[in-house]
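Throughout, my numbering is defined as the position within the sequence shown, counted from one, plus 44. Structure record follows, encoded as structure tokens.
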Amino acid sequence: MKDTTAMVGFWRESLGSFVNNRWLVFVAAMWLQSCAGIGYLFGSISPVIKSSLSYNQRQVARLGVAKDLGDSVGFLAGSLCEVLPLWAALLVGAIQNLVGYGWVWLVVTGRVPTLPLWAMCILIFVGTNGETYFNTVALVSCVQNFPKSRGPVVGILKGFAGLGGAILTQIYAVIHSPDHASLIFMVAVGPAMVVIALMFLVRPVKGHKQVRPTDGICFTYIYSVCILLAAYLMGVMLVEDLVDLNHTVITVFTVILFILLLIPIVIPVSLSFWIDPRPPEEEALLPEPQKQEPGGLQRESSELIFSELEDEKPKEVDLLPASERQKRIAQLQARLFQAAADGAVRVKRRRGPHRGEDFTLMQALIKADFWLMFFSLLLGSGSGLTVIDNLGQMSQSLGYDNTHIFVSMISIWNFLGRIGGGYFSELIVRDYAYPRPVAMAVAQFIMAIGHIFFAMGWPGEMYIGTLLIGLGYGAHWAIVPAAASELFGLKKFGALYNFLTLANPAGSLVFSGLIASSIYDREAEKQAHQHHYQQQNWGSIFSGMFGVDEPLKCEGAVCFFLTSVIMSGFCIIAVVLSMILVYRTKIVYAHLYGKSSSTRLT
Numbered sequence: 045m046k047d048t049t050a051m052v053g054f055w056r057e058s059l060g061s062f063v064n065n066r067w068l069v070f071v072a073a074m075w076l077q078s079c080a081g082i083g084y085l086f087g088s089i090s091p092v093i094k095s096s097l098s099y100n101q102r103q104v105a106r107l108g109v110a111k112d113l114g115d116s117v118g119f120l121a122g123s124l125c126e127v128l129p130l131w132a133a134l135l136v137g138a139i140q141n142l143v144g145y146g147w148v149w150l151v152v153t154g155r156v157p158t159l160p161l162w163a164m165c166i167l168i169f170v171g172t173n174g175e176t177y178f179n180t181v182a183l184v185s186c187v188q189n190f191p192k193s194r195g196p197v198v199g200i201l202k203g204f205a206g207l208g209g210a211i212l213t214q215i216y217a218v219i220h221s222p223d224h225a226s227l228i229f230m231v232a233v234g235p236a237m238v239v240i241a242l243m244f245l246v247r248p249v250k251g252h253k254q255v256r257p258t259d260g261i262c263f264t265y266i267y268s269v270c271i272l273l274a275a276y277l278m279g280v281m282l283v284e285d286l287v288d289l290n291h292t293v294i295t296v297f298t299v300i301l302f303i304l305l306l307i308p309i310v311i312p313v314s315l316s317f318w319i320d321p322r323p324p325e326e327e328a329l330l331p332e333p334q335k336q337e338p339g340g341l342q343r344e345s346s347e348l349i350f351s352e353l354e355d356e357k358p359k360e361v362d363l364l365p366a367s368e369r370q371k372r373i374a375q376l377q378a379r380l381f382q383a384a385a386d387g388a389v390r391v392k393r394r395r396g397p398h399r400g401e402d403f404t405l406m407q408a409l410i411k412a413d414f415w416l417m418f419f420s421l422l423l424g425s426g427s428g429l430t431v432i433d434n435l436g437q438m439s440q441s442l443g444y445d446n447t448h449i450f451v452s453m454i455s456i457w458n459f460l461g462r463i464g465g466g467y468f469s470e471l472i473v474r475d476y477a478y479p480r481p482v483a484m485a486v487a488q489f490i491m492a493i494g495h496i497f498f499a500m501g502w503p504g505e506m507y508i509g510t511l512l513i514g515l516g517y518g519a520h521w522a523i524v525p526a527a528a529s530e531l532f533g534l535k536k537f538g539a540l541y542n543f544l545t546l547a548n549p550a551g552s553l554v555f556s557g558l559i560a561s562s563i564y565d566r567e568a569e570k571q572a573h574q575h576h577y578q579q580q581n582w583g584s585i586f587s588g589m590f591g592v593d594e595p596l597k598c599e600g601a602v603c604f605f606l607t608s609v610i611m612s613g614f615c616i617i618a619v620v621l622s623m624i625l626v627y628r629t630k631i632v633y634a635h636l637y638g639k640s641s642s643t644r645l646t
């Protein structure tokens, strides 16, 4: 009887530990993020919408703009995450996804009356906007659960969001429905079902600010699974593009994909049931006696002294070597503490938070560091998104017939860039206490080289260019959220993150919608006049007689030469902005991650 009672108690305790395990939250967030990439499927569902509703390409492009806006405008998601329970915010996102794309499916299949274009744009916006809730809840929960591993956490989660389109496409390949509109139905229903199943698991848990001895090996395991998953998806995509496979083989491929997605659950299961299951708040900590929790609160007296310290510190102290600077600051801080204790100094509170503390969005918007980060992201990610949006035309202009391979490849490189960006930026801040934005500068320099490859038209430019652009673009979305949480805190992280994501559509609108398209059309017109002047005249006659409107096509590296050079220049400017941010935040990161982090500076 005692053995039975002990066994029941053990399983009850282990189950409680499992449900409240932050690694379970992380794995659930990875699965959640796998459904947050529905925007990447727009290229697959837009032909169905176009043919069913008799749209022209310009109308489809307007739907694409609505999709991009829905994917990036997350103010409502960030605000609701601050006032609602996180499960409620996820439910709102699931409902938006279901209603938006579900109604599109009903219109396309003729089950409800056809709507005007503006109404279809609203539906696409609402449906895609649902994924901003998935993104925000996953990032907010896991960054709070793993505040000392922000780089890897953000990189892995954003990487899975990038793989969402490939995963859903593989699932659709198994369904093998002759009705192509069923893909829209799957986009509407599938993510909503997954989110509802996981919405009570993804949240901050007790003991989340502790650093565990098992963290290192767990992250290594997750990284291994991510690399294996990326390699597997790359192989499957190439095989399915090059070989005509039967349905059984595709089904086997998809089953293996699901197994790879489920493998990470081994971590919370083993930690809760096999490796000394204890409540999170009782688990042993790594020795970190002096380190300050980034974005955390300090005691009241320390906060006041640090405010006074900033005012009293001579400017030349910041220019001293690290060891001498820390020594001088420690001496000044000790004198201020003694003077305050003796009543000789009345310590005052600075208005507003210091960098590294919790900012509201309005407080962050008046900080130069926030705008440096925003414009650096706009230039870097905007130039990368320009390549992604125009990859089909770029490959065709260079003589490649199968453009799907490059689309698949840049998706995988994007995923690996997010994983690698989080990992290497974490090494920089952990091992060297150097500002994380330096990793963003490296990513932007890599992208500048990739754009030069596209401009020059060198052998293998599409393969090398997609590799460099995909890695650099993906790295942005692992580095920027982590850096924002370090410099501006976790309390309003959802609102801060969703404001920064506006850099993506802004860059795409200017770089792709205005610069790249205008230059491409100009070069296409030049070629039409130079090489096909007579045929172009006949084409105009037939166009006038029969309404034929042949789209202009451009061939050769010249089509995107000037665009690529301009994009490379934008990346260099982004590198400069990132390095300015690095210079301005050196002391902040030295405090947050340095070996002697006894002072808080701004």
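The beta carbon of each residue, even a glycine, is placed where N, CA and C say it ideally should be.
The residue among L301, T172 and K597 with its C-alpha nearest the C-alpha of A568 is K597.
Contact between S116 and L546 holds, with the beta-carbon distance rounding to 6 Å and staying under 8 Å.
In the DSSP annotation of this structure, R256 is not part of any alpha helix (DSSP H), being labelled neither H nor E. Under the three-pair Cβ rule at 8 Å, the segment 528-547 does not count as touching the segment 501-510. Note on geometry: alpha-carbon atoms of I624 and I219 lie some 51 Å from one another. Counting the other CB atoms within 10 Å of its CB gives Y637 a total of 16 or more, which places it among the buried residues. Counted as a single uninterrupted DSSP element, the stretch harbouring C79 is not any alpha helix (DSSP H), since DSSP gives it neither H nor E. With 16 or more other Cβ atoms inside 10 Å of its own Cβ, F169 counts as buried.
Sixteen is the threshold: when 16 or more other Cβ atoms of the shown chains lie within 10 Å of the Cβ of M74, as they do, the residue is buried. Around E401, the same chain offers G533 as residues with beta carbons nearer than 6 Å, after the five sequence neighbours per side are excluded.
DSSP lists E401 as the bridge partner or partners of R399. In the displayed model, C598 falls within coil according to three-state DSSP, outside both helix and strand.
Contact annotation: the segment 59-75 touches the segment 299-312, with at least three C-beta pairs closer than 8 Å.
Contact annotation: C270 and I463 have beta-carbon atoms nearer than 7 Å. Below 8 Å, enough C-beta pairs join the segment 171-186 and the segment 118-135 to call them touching: three or more.
For the set V104, V136 and Y84, the Cα lying nearest the Cα of G118 is the one of V136. Taking the C-beta atoms as reference points, G81 is found no nearer than 7 Å to G466. Positions of the alpha helix (DSSP H) runs, each at least 4 residues long and wholly inside the segment 72-146, are given as 86-97, 101-116 and 119-127 in order along the chain. Per DSSP, I219 is one residue of the alpha helix (DSSP H) stretching across R194 to I219. Take the alpha-carbon of V109 and the one of Y99: they are about 15 Å apart. Shown here, A477 sits in coil according to DSSP, grouped into three states, outside any helix or strand. Closest in alpha carbon position to G208, among S469, H291, A225 and T172, is T172.
Under the three-state reduction of DSSP, A225 is assigned to coil, being neither helix nor strand.
Membership of V287 in any alpha helix (DSSP H) is not indicated, and neither H nor E is assigned to it by DSSP. Annotation: T153 is outside any alpha helix (DSSP H) and is labelled neither H nor E by DSSP. Closest by C-alpha distance to L606, out of S561, A634 and I616, is S561. In this structure, A539 lies near L405, with their beta-carbon atoms less than 7 Å apart. Y517 is classed as buried because its beta carbon has at least 16 other beta carbons within 10 Å across all chains shown. Rounded to the nearest angstrom, the gap between the Cα atoms of Q77 and G234 is 13 Å.
For T172, the uninterrupted alpha helix (DSSP H) segment begins and ends at L161 to N189. In the structure shown, the three-state DSSP call for I454 is helix.
In the three-state scheme derived from DSSP, where H, G and I count as helix and E and B as strand, V246 is classed as coil. If you draw a straight line from the Cα of E126 to the Cα of H573, it comes to about 58 Å. T158 sits in coil when the DSSP states are folded into three classes, being neither helix nor strand.
Comparing alpha-carbon positions, the option among F614, C262 and R474 lying closest to V554 turns out to be F614. Counting only the Cα atoms, A236 lies some 14 Å from F244.
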